[in-house]
Structure formats: C-alpha cells, structure tokens
C-alpha cells in the first residue's frame, strides 16, 4: 500500500511534539499509517514512539476515522441476515471490583430478539496476563470466562460466529479471529505497559457487512465526547456511556448518562441518576465468574430483578437496534421477556 505520508520520521515528529504542539494527521495519512502499523511494517522503535505519542496527544476524529478504515479493511467480516441492527460490544478490560455484568446484558438483548456480538481477548489470553502500571489486569474476570462458565457460545472463527448468531442470536469472538493485526497490537501492551490508539479503535470497528449498533464505554471523560464525534461524523449508530471498570455496561448501582448516536445526530437518551440512592440493588456476592453466573441465572429465572441501570441501557439498545420503536415499548418487551423466563 502506497503511503501519502512523506516518511515515518516526519509523521512521528508531527504527532510527538507534546500535547500543546502536536499536529493531527489527515484522514488519509492516518489510514495509511495505521495500515502499515497493522501489517507490522513499521520499525519497532518508530512504532513505540507513535504508541507513546498518541497516548499523550490523543486522536483527532479524522485520525480515528483513518485508523478505523484501515482496521475494517482487514477485518474478517461476519454475515448476518437480520431485520435488526446487531449490537456490538467490545469487551477488553474485565472487572475486579464488582461483577462483570456485560454477558448478562448481552444475553438478555439476544433473548429479546437482537443479534449480539461480544468481541475481546481469547479466554486463555484473559487468564494469563501480567500486571501493568497503567491498568493492572490481575484478578479481573473477563467476558470470555463468563461466557465459557455459563455455557454461552464462543466461536473459533468468523464462520462459526456467523452460525452461532443465526442459531442463538449471541456469540463471543476472540479478536484474533476478527483481525490478527489488531490482536498483535493489543499484545504489544504487555511489552510497553501503556494503552494506545488500538484500544480505542477496537471500540469503533464494525465486523458486520450491515450497519450495527456500537456500544462504546469509556473510562476517561474526554473520550466520551470524542467517540460521539466519531459516530456522528461517520453516521454510525451507537450508545456511548461511562464504562464500568472499562466494560461497556452501565454501573448497576447508579446509571451514567446514556448518549445515543444515530444518522449523524447525537442526543442524551437517558440522563444520569443524581438523586441519592434509596437502596442498593441486588448484586453478585463477589466478582468471580461462578458468582456472576449464579446471579445471571437468578435474574433470568425472574428471582432477582435486573438492576435498573442495566434495564435502561438495554431499552436504549433495543430502540437503537430497531427491535422496538421507542423506550416505552422496549421496557415492555424487557418485562415480558424476563417474566416469560419465570413461567
């Protein structure tokens, strides 16, 4: 692939001048640069410099668009015939202070009739990680582990993922099966100890040949605005929220702002809770996969209520995915689905 960049040295010089003086690359330059990066065609020292530079500078919307375009050009796309937009959950952090309830949210949406794909690290990768200064993954429970423990479908490749989605409406797919280049870049973090642009890119890619609804959770507030700007500029559908320990599900104790993006517009779909908590919702006794699975079974059986913030998030996604016309009908469908499971 020919690059519009004058050369990599100049690219590094432009983006690595610190937060105040760094320059943004154009969309075309960013796309070309990231394509080389994904193909492992950038010298290690240059890649390391770019990794650190973007950690400091941050990405512009055009740079993100270029990075995502380069990534999606190399994706092993999934086929899906559905009247509704599939929901895409990027799940890469895991949780250790509380239970990871993303698999529960995904399963409930699938039972309501929406196709749901969760992608992230392979289960073996999630279990064998080393401590890093910027984000210690030790003791975290990842979605892949909960999928395996609960008996939910995990695909070994894209074809199997498509088959699982057709049969079950739900699937977990390791990122290495979607894009080996992204998987390789994510593993570099184990050497450098820092997040990079690729950790944002995985929240933005669409593995499907049809439009999807992205559910993007962020840890740092500035990225909430940046991701909304990206989805607006690309006219993609998305739900953006403050993540729970980096995972894209609403804090079960207090709902964050839920921002929707659709057809080039963005709006606050449901505002955050500001009133004092009247009571703490029922939650798993600990954050382990086994305790989380027991809680999931209780919610699905109707013995334990789904925490209200997760119900609100599910209603937003049912609306954005086209399964329901509005939030009111989405809440009715949720109630009927969980009540039916009780019968």
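Residue numbers (the numbering used here): 5 to 347. Cβ coordinates follow ideal geometry from the N, Cα and C atoms, glycine included. Just so you know, these numbers come straight off a predicted model, no measurement behind them.
Check: Can you give the Cα-Cα distance for residue 328 and residue 148, rounded to whole angstroms?
Finding: Against the chain shown, residue 328 aligns to sequence position 324. Against the chain shown, residue 148 aligns to sequence position 144. Using only the alpha carbons, I get a separation of about 28 Å.
Check: Just how far apart, CA to CA, sit residue 277 and residue 247?
Finding: As a first step, residue 277 is located in the chain shown; it is residue number 273 there, counting from the start. As a first step, residue 247 is located in the chain shown; it is residue number 243 there, counting from the start. Those two C-alpha atoms are separated by around 15 Å.
Checklist line | Under 8 Å between C-beta atoms of residue 219 and residue 93 | finding: If you number the chain shown from 1, residue 219 lands on position 215. If you number the chain shown from 1, residue 93 lands on position 89. It is a contact, given that the beta carbons lie within the stated cut-off.
Check: Is the region 242-262 touching the region 61-75, taking contact as three or more C-beta pairs under 8 Å?
Finding: no
Item checked: Residues near residue 12 in its chain [Cβ-Cβ closer than 7 Å; skip 5 each side] -> Mapped onto the chain shown, residue 12 falls at position 8. The residues are 46, 50.
Next item on the list: Look at the alpha carbon of residue 217 and the alpha carbon of residue 16, and state the distance between them as a whole number of angstroms.
Entry: Walking along the chain shown from the start, residue 217 turns up at place 213. Walking along the chain shown from the start, residue 16 turns up at place 12. Looking at the two C-alpha atoms, the distance is approximately 34 Å.
Check: Buried or exposed: residue 191, going by 16 or more other Cβ atoms within 10 Å of its Cβ?
Finding: The residue labelled residue 191 in the question sits at position 187 within the chain shown. Under this definition residue 191 is an exposed residue.
Notebook entry, point to check: For the candidate residues 22, 226, 287, whose alpha-carbon lies nearest to that of residue 301?
Noted result: Here residue 301 is taken as the residue at index 297 of the chain shown, counted from 1. Checked all of 22, 226, 287; the closest Cα to residue 301 is 287.
Margin query: Short of 7 Å in beta carbon distance, which residues of its chain neighbour residue 126, apart from the five on each side in sequence? Order them along the chain.
Written below: By one-based count along the chain shown, residue 126 stands at place 122. Answer for residue 126: 148, 178, 180, listed in chain order.
Item checked: Proximity below 8 Å, CB of residue 124 to CB of residue 96 -> To locate residue 124, count along the chain shown from 1; it is residue 120. To locate residue 96, count along the chain shown from 1; it is residue 92. Result yes, Cβ atoms of residue 124 and residue 96 sit closer than 8 Å.
Next item on the list: Return helix, strand or coil for residue 81, following the three-state DSSP convention.
Entry: Looking up residue 81 in the chain shown gives position 77. Looking at residue 81 - three-state DSSP - the assignment turns out to be coil, as it is neither helix nor strand.
Check: Which one of 34, 176, 189, 309 has the shortest CA to CA distance from residue 164?
Finding: If you number the chain shown from 1, residue 164 lands on position 160. Comparing Cα positions, the closest option is 176.
Next item on the list: Measure the beta-carbon distance from residue 241 to residue 89 and round it to whole angstroms, keeping in mind my assumption that it falls under 8 Å.
Entry: Position 237 of the chain shown, counted from the first residue, corresponds to residue 241. Position 85 of the chain shown, counted from the first residue, corresponds to residue 89. About 6 Å separates the two Cβ atoms, so the contact holds.
Check: For residue 256, which of helix, strand or coil comes out of DSSP?
Finding: Position 252 of the chain shown, counted from the start, is the residue given in the question as residue 256. Residue 256: coil per DSSP, three-state reduction.
Check: Beta-carbon separation of residue 91 and residue 268 under 8 Å?
Finding: Here residue 91 refers to the residue found at position 87 when the chain shown is read from its first residue. Here residue 268 refers to the residue found at position 264 when the chain shown is read from its first residue. Result no, Cβ atoms of residue 91 and residue 268 do not sit closer than 8 Å.
Next item on the list: Taking all protein chains shown into account, decide if residue 272 is buried (16 or more other Cβ within 10 angstroms of its Cβ) or exposed.
Entry: Taking the chain shown and counting its residues from 1, the one referred to as residue 272 is at position 268. Label assigned to residue 272: exposed.
Next item on the list: Work out the CA separation of residue 293 and residue 153 for me, nearest whole Å.
Entry: The residue you call residue 153 lines up with position 149 of the chain shown. The residue you call residue 293 lines up with position 289 of the chain shown. Using only the alpha carbons, I get a separation of about 7 Å.
Check: Just how far apart, CA to CA, sit residue 120 and residue 266?
Finding: Reading the chain shown from its first residue, position 116 is the one you call residue 120. Reading the chain shown from its first residue, position 262 is the one you call residue 266. Distance between the alpha carbons of residue 120 and residue 266 is about 18 Å.
Check: Counting along the chain, where does the beta strand (DSSP E) carrying residue 288 start and finish?
Finding: Within the chain shown, the letter at position 284 stands for residue 288. Residue 288 -> no beta strand (DSSP E), and no H or E assigned at all.
Margin query: Considering only DSSP beta bridges, list what residue 205 is partnered with.
Written below: Translated into positions along the chain shown, residue 205 becomes position 201. Its beta-bridge partners do not exist; DSSP assigns none.
Item checked: In DSSP terms, what residue 262 is bridged to -> The residue given as residue 262 occupies position 258 in the chain shown. Bridge partners of residue 262: 245, 274.
Note to self: Can you find the residues in the same chain that come closer than 8 Å, C-beta to C-beta, to residue 18, ignoring five residues on each side of it along the sequence?
What the structure shows: Counting from one through the chain shown, the residue named residue 18 turns up at place 14. So the list reads 26, 27, 29, once near-sequence residues are dropped.
Notebook entry, point to check: With a CB to CB cut of under 6 Å and the five nearest residues on each side skipped, what residues in its chain are close to residue 169?
Noted result: Taking the first residue of the chain shown as position 1, residue 169 is located at position 165. If we look at residue 169 and ignore the five residues flanking it on each side, its Cβ neighbours are 84, 119, 175.
Check: Which stretch, first to last residue, makes up the beta strand (DSSP E) that contains residue 178?
Finding: One-based indexing of the chain shown puts residue 178 at position 174. 174-178 is the span of the beta strand (DSSP E), which, as asked, contains residue 178.
Checklist line | Span of the beta strand (DSSP E) around residue 221 | finding: For this step, residue 221 is matched to residue 217 along the chain shown. Start and end: 217-222.
Next item on the list: Using the Cα positions of residue 78 and residue 283, report the straight-line distance between them to the nearest angstrom.
Entry: Residue numbering aside, residue 78 sits at position 74 when the chain shown is read from its first letter. Residue numbering aside, residue 283 sits at position 279 when the chain shown is read from its first letter. Distance between the alpha carbons of residue 78 and residue 283: 48 Å.
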